[in-house]
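Residue numbers (my numbering): 1012 to 1337.
All C-beta atoms, glycine included, are put in the ideal place defined by N, C-alpha and C.
All values reported here derive from a predicted model rather than from experimental measurement.
Report on one structure; see the data block that follows.
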Amino acid sequence: MPAKYSNVNNISLPMAVWLARDEYQHDPRTNVISVTSLLKSVRQIVLSSRVNPSEGIMLEDISNRLASRIGTSLHNSIELAWTENAAQALLDLGYPKRAVNRVLINPEPEEVDEDSIPLYFEKRTEKQVGNWIISGQFDMIYDHEVMDIKSTSVFTYINRTNDLKYSQQGSLYRWLNPDLIKKDSMSIQFIFKDWNKNMVKNDTRYPPLPVLQHSVPLMSVAQTDLFVISKTAEIDKYLHANESDIPYCTDEDLWRREAQFKYYSKPDAKRASKNFDNMADAQLHLANKGTGEIREVKSQPTACLYCSAAQNCSQYKGFIASGELK
1012 MPAKYSNVNN ISLPMAVWLA RDEYQHDPRT NVISVTSLLK SVRQIVLSSR VNPSEGIMLE
1072 DISNRLASRI GTSLHNSIEL AWTENAAQAL LDLGYPKRAV NRVLINPEPE EVDEDSIPLY
1132 FEKRTEKQVG NWIISGQFDM IYDHEVMDIK STSVFTYINR TNDLKYSQQG SLYRWLNPDL
1192 IKKDSMSIQF IFKDWNKNMV KNDTRYPPLP VLQHSVPLMS VAQTDLFVIS KTAEIDKYLH
1252 ANESDIPYCT DEDLWRREAQ FKYYSKPDAK RASKNFDNMA DAQLHLANKG TGEIREVKSQ
1312 PTACLYCSAA QNCSQYKGFI ASGELK
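In structure tokens form, the structure reads like this:
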């Protein structure tokens, strides 16, 4: 059996086994697209479908799996807290027993009435659109609102970099589960890995707590239906196209941050004297100084590092050749 992961940094075997564990439910059907995959670029979806797993084109190194494994562990721990200890925890939090009795974990439809507070965990559902089967497994539904648990950095919260993706993801889960998800918002349950309480007073945008709920609006079910039809039609269009004809991934697809414009006092200077977020401010600074130069520095196309089809992608190879990706 060919290797699935590499361990180039020689991480200890006890930790390597934990990092190499794959709990994702892989579907062998070739016409299944998961909710998370549907939100990727058409280029990544199409080229990834052409990768033969047995060829071992690009092994994922286990050192890159830490965030994923921590996220999965947190999901499992939160679900177990509810399925194994919810009643006692709610009583310990001061909720009256009559309220605790209203909470139902993964109930059947006939068990739910108007007084119930239903919770559902990681239920997988699917729906067919044309030749494609869209499959999705939400993290949690609480009182008819879909929730997603995100273990991430404070930067993601401050800059709202993923709010659109969150909205699309939640909308797709509601599209798949309209009988369970009835609210027009999705709650992101943030767990910040790099939270620092000393930063709260210094920045009004900084999250006040290390665990925080953030709400994003959902598209309507009709809008989501149009989104799915449009995206699957685009996939069909390029499914058998030449690699060079498939549209390149955008900066958003590539997880690229805004470019920085660095002012250097001399052309041969190795270190910038000042950094700017836009060219206009940088040029104004250059004009005031009267000498020096501005260099545009683009961020890395980070998503390429996690794309299974990278070795077959001319865009990826171009980034390597230009030095934009290391």
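*Alpha-carbon to alpha-carbon, S1319 and V1062*: Answer to the nearest angstrom: the Cα atoms are 7 Å apart.
*Between which two residues does the alpha helix (DSSP H) harbouring T1235 extend?*
1232-1249
*Is R1040 buried or exposed, if buried means 16 or more other CB atoms sit within 10 Å of its CB?*
exposed
*N1284: buried (16+ other C-beta within 10 angstroms of its C-beta) or exposed?*
The amino acid occupying residue 1284 in the given sequence is Ser; Asn does not appear at that position. Per the 10 Å Cβ criterion, exposed.
*I think V1239 touches W1186, with their Cβ atoms under 8 Å apart; what is that distance to the nearest whole Å?*
7 Å
*For Y1016, does the three-state DSSP call read helix, strand or coil?*
strand
*Could you tell me the distance, in whole angstroms, from the CA atom of P1218 to the CA atom of N1173?*
16 Å
*Residue range of the alpha helix (DSSP H) that includes F1166*: 1165-1170
*Within this structure, are the beta carbons of A1314 and L1237 separated by less than 8 Å?*
no
*Since G1141 contacts T1215 with CB under 8 Å, what's their CB separation in whole angstroms?*
Your pair G1141 and T1215 does not check out as a contact, with CB atoms roughly 47 Å apart and the cut at 8 Å.
*Can you give me the Cβ contacts of F1287 inside the same chain, cut-off strictly under 6 Å, excluding the 5 residues immediately before and after it?*
F1272, A1293
_Which residues does DSSP list as the beta-bridge partners of E1071?_
The partner list for E1071 (beta bridge, DSSP) reads Y1016.
_L1058 versus D1072: straight-line alpha-carbon distance, rounded_ = 20 Å
*Within 8 Å, strictly: CB atoms of Y1153 and F1203*: It is not a contact, given that the beta carbons lie outside the stated cut-off.
_Helix, strand or coil, according to DSSP, for Y977 in the structure here?_
It is not possible to answer for residue 977, since the shown part of the chain is limited to 1012 through 1337.
*Taking the beta strand (DSSP E) that T1083 falls in, what are its first and last residues?*
Unbroken run through T1083 is the alpha helix (DSSP H), 1077-1103; no beta strand (DSSP E).
*Counting Cβ pairs, one atom from each stretch, are 3 or more of them under 8 Å apart for the region 1154-1164 and the region 1105-1113?*
no
*Cβ-Cβ distance between T1235 and L1183 below 8 Å*: Yes.
*Have a look at N1042 and N1209 and give me their C-alpha separation to the nearest angstrom.*
49 Å
*To the nearest whole angstrom, what separates the beta carbons of Q1224 and Q1200, a pair I think is in contact under 8 Å?*
Contact between Q1224 and Q1200 holds, with the beta-carbon distance rounding to 6 Å and staying under 8 Å.
*Check the DSSP bridge columns for V1114 and list the partner residues they point to.*
BP columns for V1114 point to I1128.
*What did DSSP end up calling N1367 once you bin it into helix, strand or coil?*
This structure does not reach residue 1367, given that the chain is present from 1012 up to 1337, and the question cannot be answered.
*Count the other C-beta atoms from every protein chain shown that fall within 10 angstroms of the C-beta of S1045, then say buried if there are 16 or more, exposed otherwise.*
buried
*Terminal residues of the continuous beta strand (DSSP E) containing F1149?*
Careful: F1149 lies outside any beta strand (DSSP E) and carries neither H nor E.
_Let me confirm a value: I1081 is counted as buried when at least 16 other C-beta atoms fall within 10 Å, else exposed. Which label applies?_
exposed
*Count the other CB atoms, across all protein chains shown, that sit within 10 Å of the CB of Y1317; report buried if there are 16 or more and exposed otherwise.*
Burial call: exposed.
_Beta-carbon proximity check, G1303 vs S1276, cutoff 8 Å_ = yes
*Who pairs with V1140 in a beta bridge, going by DSSP?*
W1143, per the DSSP bridge assignment.
*Excluding the 5 residues preceding and the 5 following D1205 in the sequence, name in chain order all residues of the same chain whose CB lies nearer than 6 Å to its CB.*
S1164, V1165
*So what's Y1106 in DSSP terms, helix, strand or just coil?*
coil
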